[in-house]
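The opening position of the sequence shown corresponds to residue 1 in full-length UniProt numbering, with each subsequent residue numbered one higher. A short write-up of the structure that comes next.
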Amino acid sequence: MGVAASASVQRASARAASGLPTLTAMNDRYGSDVLYGDWRAPKRGRSREVPAERDVVVEDAQSGYVGAVVRVEKSGGTHVVFLEDRFGKTRGFALGGGFLIDGEPVILTPPRPADAAALAERKVQAGRTASGSVAVPNAKARVALGSRIFVEGRHDAELVEKVWGDDLRIEGVVVEYLEGVDDLAAVIRDFRPEKGRRLGILVDHLVPGTKEARIVAEAQALPQARDHVLIVGHPYVDVWQSVRPERLGWSKWPTIPKGQSWKHGILAELGWPHQSQADVARGWKQILGTVRTYADLQPELLGRVEELIDFVTDPEQQ
């Protein structure tokens with residue numbers, strides 16, 4: 001080392017005397033070696049595994065899409081993670097590698113059972129159900145009452161379940177769907193409402209002058225409907241429209257021209273597949289996925305559902 005160090009000093013002195021620029025000394029004599037360190041490591045670093053828990057914000061490295069995890073589903077043997085962006089739009093991606101968190105590569109893995117339990121615990125600690133009611137930890141579902149709430153279709157029932165499901169189970173109220181209200185009078189006659197067996201009905205697009213308004217008026221005129229049936233409705237063409245448009249990145253729901261399928265038109269406006277009934281079903285699942293609590297719904301629906309629940313659970317009528 002002594003000889004090498006002395007030679008280095010002599011070369012530096014000779015360079016200075018000749019007027020040539022002096023080389024800057026380096027603390028790490030191997031710093032310029034291209035093979036120094038882990039030369040095989042990716043530029044962004046190696047990927048680490050991260051469970052796809054709800055609300056974890058990730059970026060899809062290929063498309064640049066950034067969103068928060070809202071759910072993970074298994075489809076055709078493949079796990080799919082759904083990400084919601086800041087506009088409320090949701091897209092699905094194959095679970096696994098190709099994601100970034102804070103610019104670092106990650107491999108998304110299915111949520112662990114412990115993670116799911118922790119998430120449920122956080123919801124309980126929050127103290128509120130999705131409808132805004134006080135949560136009752138570990139409450140068991142009550143035996144179903146004779147009273148019922150009927151809604152028009154499957155999508156209506158799924159939305160009511162998502163927001164009011166916890167409340168309805170505690171109250172013992174079952175929600176059923178009718179697949180339309182064209183023969184509402186027959187539904188009431190078949191149900192045979194009476195004390196302890198009340199019937200609440202939610203109707204889509206119940207505005208003056210519509211077919212729905214005429215059907216409801218005829219049903220309300222039945223003697224069986226006088227004391228133990230309550231029919232209410234919201235003004236929207238479809239229950240989809242009761243979701244606040246901001247959840248889908250809109251300031252208001254678009255107007256679909258007459259003669260065109262409303263649901264297919266909405267999906268086209270969103271840029272989602274809209275050719276088949278399967279596309280409609282998938283589109284609704286994505287829209288429903290944007291609903292977290294009652295705050296994501298329009299007040300015209302909220303008030304009517306709460307009214308129906310109060311009606312069928314009136315303790316003086318049980």
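A virtual CB, placed ideally from N, CA and C, is assigned to each residue, including glycine. Since we're looking at a predicted model, the values are computed, not measured.
My understanding is that leucine 270 touches aspartate 279, with C-beta atoms under 8 Å, so please give their C-beta distance in whole angstroms. By 1-based counting over the sequence shown, the position of residue 270 is 270. By 1-based counting over the sequence shown, the position of residue 279 is 279. Between aspartate 279 and leucine 270 the Cβ distance is about 11 Å, and since that is not below 8 Å, they are no contact.
Shortest alpha-carbon distance to leucine 297 belongs to which of Gly259, Trp253 and Val187? Within the sequence shown, residue 297 is the residue found at index 297, counting from 1. Distance check between leucine 297 and each of Gly259, Trp253 and Val187 places Trp253 closest, using alpha-carbon atoms only.
Where does glycine 265 fall in DSSP's three states? Numbered from its first residue, the sequence shown carries residue 265 at position 265. Here glycine 265 sits in helix by DSSP.
Measuring only the C-alpha atoms, how far is phenylalanine 99 from valine 80? Taking the sequence shown and counting its residues from 1, one reaches residue 99 at position 99. Taking the sequence shown and counting its residues from 1, one reaches residue 80 at position 80. Going by the C-alpha atoms only, they are around 13 Å apart.
Cα-Cα separation, glutamate 161 to arginine 46: Within the sequence shown, numbered from 1, the residue matching residue 161 stands at position 161. Within the sequence shown, numbered from 1, the residue matching residue 46 stands at position 46. For glutamate 161 and arginine 46, the gap between their C-alpha atoms comes out near 43 Å.
I'd like to check one pair, valine 163 with alanine 130: are the Cβ atoms closer than 7 Å? Here residue 130 corresponds to residue number 130 of the sequence shown, with the count starting at 1. Here residue 163 corresponds to residue number 163 of the sequence shown, with the count starting at 1. Yes, Cβ-Cβ distance for alanine 130 and valine 163 is below 7 Å.
Looking at the structure shown, is alanine 225 part of a helix, part of a strand, or coil, going by DSSP? Along the sequence shown, read from residue 1 onward, the residue named residue 225 stands at position 225. Helix at alanine 225.
Beta carbon of isoleucine 188, beta carbon of glutamine 224: below 7 Å? Taking the sequence shown and counting its residues from 1, the one referred to as residue 188 is at position 188. Taking the sequence shown and counting its residues from 1, the one referred to as residue 224 is at position 224. Result yes, Cβ atoms of isoleucine 188 and glutamine 224 sit closer than 7 Å.
For the candidate residues Arg112, Leu199 and Ala186, whose alpha-carbon lies nearest to that of valine 151? As a working note, residue 151 is residue 151 in the sequence shown. In terms of Cα proximity to valine 151, the closest of Arg112, Leu199 and Ala186 is Leu199.
Looking only at its chain, what residues have a beta carbon closer than 6 Å to the beta carbon of arginine 71, apart from the 5 residues adjacent to it on each side? As a working note, residue 71 is residue 71 in the sequence shown. So the qualifying residues of the chain are Phe82.
Own chain residues within Cβ distance below 7 Å of arginine 112, not counting five before or after: Indexing the sequence shown from 1 puts residue 112 at position 112. Excluding positions up to five away in sequence, the list reads Pro51.
Can you name the residues that DSSP bridges to lysine 74? Counted from its first residue, the sequence shown places residue 74 at position 74. Looking at the DSSP output, lysine 74 sits in a beta bridge with His79.
Are the beta-carbon atoms belonging to histidine 205 and leucine 301 less than 7 Å from one another? Stepping through the sequence shown from its first residue, residue 205 is reached at position 205. Stepping through the sequence shown from its first residue, residue 301 is reached at position 301. Here histidine 205 is not near leucine 301, since their CB atoms are 7 Å or more apart.
N- and C-terminal bounds of the beta strand (DSSP E) containing aspartate 60: Position 60 of the sequence shown, counted from the first residue, corresponds to residue 60. First-last of the beta strand (DSSP E) with aspartate 60: 57-60.
Comparing C-alpha positions only, which one of Val58, Gly196 and Ala185 sits nearest to glycine 172? As a working mapping, residue 172 is identified with position 172 in the sequence shown. For glycine 172, the closest of Val58, Gly196 and Ala185 by C-alpha to C-alpha distance is Gly196.
How is the beta strand (DSSP E) around glycine 200 delimited, first residue to last? Your numbering for residue 200 matches position 200 in the sequence shown. 199-203 is the extent of the beta strand (DSSP E) around glycine 200.
Cα-Cα, which of Leu308, Ile256 and Asp55 is closest to aspartate 238? As a first step, residue 238 must be located in the sequence shown, where it is residue number 238. When only C-alpha atoms are compared, the closest one is Ile256.
Tell me, please, which residues DSSP counts as bridged to valine 69. The count along the sequence shown starts at 1 and reaches residue 69 at position 69. Per DSSP, the beta bridge partners of valine 69 are Leu83.
Taking only the alpha-carbon atoms, compute the straight-line gap between phenylalanine 311 and glutamate 84 and give it to the nearest angstrom. Counting from 1 along the sequence shown, the entry for residue 311 is found at position 311. Counting from 1 along the sequence shown, the entry for residue 84 is found at position 84. Roughly 36 Å separates the two Cα atoms.
Roughly how many angstroms lie between the CA atoms of valine 57 and leucine 108, to the nearest whole one? Your numbering for residue 57 matches position 57 in the sequence shown. Your numbering for residue 108 matches position 108 in the sequence shown. Approximately 11 Å between the Cα atoms of the pair.
So, helix, strand or coil for proline 257, using DSSP? Counting from 1 along the sequence shown, the entry for residue 257 is found at position 257. Shown here, proline 257 sits in coil according to DSSP, grouped into three states, outside any helix or strand.
Limits of the beta strand (DSSP E) - the one that proline 105 falls within: Locating residue 105 in the sequence shown gives position 105, where the first residue counts as 1. Per DSSP, proline 105 belongs to the beta strand (DSSP E) from 104-109.
Rounded separation between phenylalanine 93 and glutamate 59 - CA only: Along the sequence shown, read from residue 1 onward, the residue named residue 93 stands at position 93. Along the sequence shown, read from residue 1 onward, the residue named residue 59 stands at position 59. About 11 Å.
Within 10 angstroms of its Cβ, does alanine 260 collect 16 or more other Cβ (buried), or is it exposed? The count along the sequence shown starts at 1 and reaches residue 260 at position 260. Looking at the sequence itself, residue 260 is glutamine, so the reference to alanine does not match. Exposed, by the Cβ-count rule.
Within the same chain, show all residues whose beta-carbon is closer than 6 Å to that of glutamine 241, passing over the 5 residues directly before and after it, in chain order. To locate residue 241, count along the sequence shown from 1; it is residue 241. Exclusion of the five residues before and after glutamine 241 leaves Trp253 as the residues of its chain whose Cβ lies within less than 6 Å of its Cβ.
Ordered along the chain, which non-local residues of its own chain (more than five positions away) have a Cβ less than 8 Å from that of aspartate 156? The sequence position of residue 156 within the sequence shown is 156, counting from 1. Same-chain partners within the cutoff: Tyr177, Leu202, Asp204 and Val239.
Length of the line joining the Cα atoms of tyrosine 65 and isoleucine 101: The residue you call residue 65 lines up with position 65 of the sequence shown. The residue you call residue 101 lines up with position 101 of the sequence shown. So the two alpha carbons sit approximately 12 Å from each other.
Just to confirm my understanding: we take residue 373, look at its own chain, exclude 5 residues before and 5 after, and list those with CB closer than 7 Å. What are they? The first residue shown for the chain is 1 and the last is 318, placing residue 373 beyond what the model contains.
Could you check whether the Cβ of alanine 157 sits closer than 6 Å to any heavy atom belonging to the ligand SAM? What this structure holds is no ligand at all, so the ligand SAM is not there to describe.
Name, in chain order, the residues that DSSP records as bridge partners for leucine 308. Sequence index remark: in the sequence shown, residue 308 carries index 308 (1-based). According to DSSP, leucine 308 bridges with nothing at all.
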